[in-house]
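Going by our numbering, the sequence shown opens with residue 857, and the numbers climb by one from there. What follows is a single structure, written as structure tokens, with notes after it.
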Amino acid sequence: MFFHEILRYIDERKCFYGRDLGLVSSVYDCPGGLSWEGGRVTMARFSLEESVRRVKAYNERGLGFNIAFSNVLLTERELGDEYCNWFLEQCQSKQNGVIVASDLLRNHIRQNYPQYRLIASICFCRTDLEFYKKALDEYDLVVLHPDLNRDLKYIRQLDMSRLEVLVNEDCFYNCPNRLQHYKNISQLVLSNQRVFYRDRMGCLSEAMFERSRFGGELLLSQGDIDWLSDLGVRHFKLQGRQESWDYMHRELGKYVEQTTIRTILKRYTELVRE
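The following block contains the structure:
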């Protein structure tokens, strides 16, 4: 959850600039070991009770917490999971959300834990317009497939204020393995066979020694972000919860801090001109 690091980063930036820039409005993650997890394979580093304490500490600082329950293979049987339901019960707040890739789980949460925002995950792996129009009726927020991030004509047909854009996606454009990758991870989580993760067909880039040779075309530039913001997109997201803090610190500086400062300067310039 990068708990201490993120809070320290926010405090350091506030001290440096002499004001709270509102750099981060929410974070997302999932405690390792929970069967509704998806998108990434993580291991439990501390107890569920400690995870709850950290979620509430984020909330006390005004930060929302979005729980990544994006397993794509859930059935009615898994909905009764004692630990996942307990975690939702303990963390339920209007500040928090749940990222899901299952309409079954969405309905379960809507019925039993109505305070949560419901967020349609990238793990749905859909690019058709009909899906997004329906999802915007059924979810509070919808993560846009990264392949669509620069499709102006497509995005303009949607409620951009409730789209969330992943700005630092390092996968391939039109990756043929993306959906199968999510299914493999979901299967491994449900079977509790995580030790075999790298023996299963998954991400093409992880199978190669030189990962830097692959991906990159979906990474958004500052110009791309400005364009999307001017278009009406209000929610931007960083991936990297499985990476090191050094990686996340660089991404926060590049995509969050620099973008926020540029926005403030732009508004200041406009006010001066008026």
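Backbone N, C-alpha and C define an ideal beta-carbon position, used for all residues, glycine too. Quantities reported herein were computed from a predicted structural model and do not represent experimental measurements.
Ignore the nearest five residues each way along the sequence and tell me which others in Gly888's own chain have a CB closer than 6 Å to its CB. By 1-based counting over the sequence shown, the position of residue 888 is 32. Answer for Gly888: Thr898, Met899, Ala900, listed in chain order.
Could you give the DSSP three-state label for Lys950: helix, strand or coil? In the sequence shown, residue 950 corresponds to position 94, counting from 1. Residue state, collapsed to three classes: coil.
Do Asn927 and Ser1042 have their C-beta atoms closer together than 7 Å? Position 71 of the sequence shown, counted from the start, is the residue given in the question as residue 927. Position 186 of the sequence shown, counted from the start, is the residue given in the question as residue 1042. Yes; because the gap between Cβ atoms is below 7 Å, this pair is in contact.
Rounded separation between Leu992 and Leu974 - CA only: Against the sequence shown, residue 992 aligns to sequence position 136. Against the sequence shown, residue 974 aligns to sequence position 118. Each residue's Cα considered, the two are about 10 Å apart.
Cβ shell of Glu1066 (< 7 Å), same chain only, five flanking positions each side left out: Here residue 1066 corresponds to residue number 210 of the sequence shown, with the count starting at 1. Note on Glu1066: pLDDT 42, under 50, position unreliable in the model; the coordinate value appears next. So the list is empty, once near-sequence residues are dropped.
Less than 7 Å between C-beta atoms, sequence neighbours within five positions excluded: which residues of the same chain meet that for Leu890? In the sequence shown, the residue the question calls residue 890 occupies position 34. Hits under 7 Å: Tyr939, Cys940, Phe943.
Tell me, please, whether the stretch 909-926 touches the stretch 943-963 by the rule of three or more beta-carbon pairs shorter than 8 Å. Contact between the stretch 909-926 and the stretch 943-963 is present, because at least three Cβ pairs lie under 8 Å.
Can you tell me the Cα-Cα spacing of Asp937 and Phe858, whole angstroms? The count along the sequence shown starts at 1 and reaches residue 937 at position 81. The count along the sequence shown starts at 1 and reaches residue 858 at position 2. Each residue's alpha carbon lies about 26 Å from the other.
For the putative contact between Leu904 and Leu930, defined by C-beta atoms under 8 Å, what is the C-beta separation to the nearest angstrom? By one-based count along the sequence shown, residue 904 stands at place 48. By one-based count along the sequence shown, residue 930 stands at place 74. Not a contact, Cβ separation roughly 19 Å.
Can at least three beta-carbon pairs, one atom from the stretch 865-873 and one from the stretch 1009-1023, be found at a separation below 8 Å? no
Do Asn1024 and Leu1108 have their CB atoms nearer than 7 Å? On the sequence shown, residue 1024 is found 168 positions in, with the first residue counted as 1. On the sequence shown, residue 1108 is found 252 positions in, with the first residue counted as 1. The answer is no: Cβ separation not under 7 Å.
Would the beta-carbon of Val998 fall within 7 Å of that of Val1089? Within the sequence shown, the letter at position 142 stands for residue 998. Within the sequence shown, the letter at position 233 stands for residue 1089. No, Cβ-Cβ distance for Val998 and Val1089 is not below 7 Å.
Let me know if Gly895 comes out buried or exposed under the rule of 16 or more other beta-carbons within 10 Å of its beta-carbon. Looking up residue 895 in the sequence shown gives position 39. That one is buried.
Can you round the beta-carbon distance between Trp1101 and Glu906 to whole angstroms, since I take them to be within the 8 Å contact cut? As a first step, residue 1101 is located in the sequence shown; it is residue number 245 there, counting from the start. As a first step, residue 906 is located in the sequence shown; it is residue number 50 there, counting from the start. The pair is not a contact, with the Cβ atoms about 18 Å apart (cut-off 8 Å).
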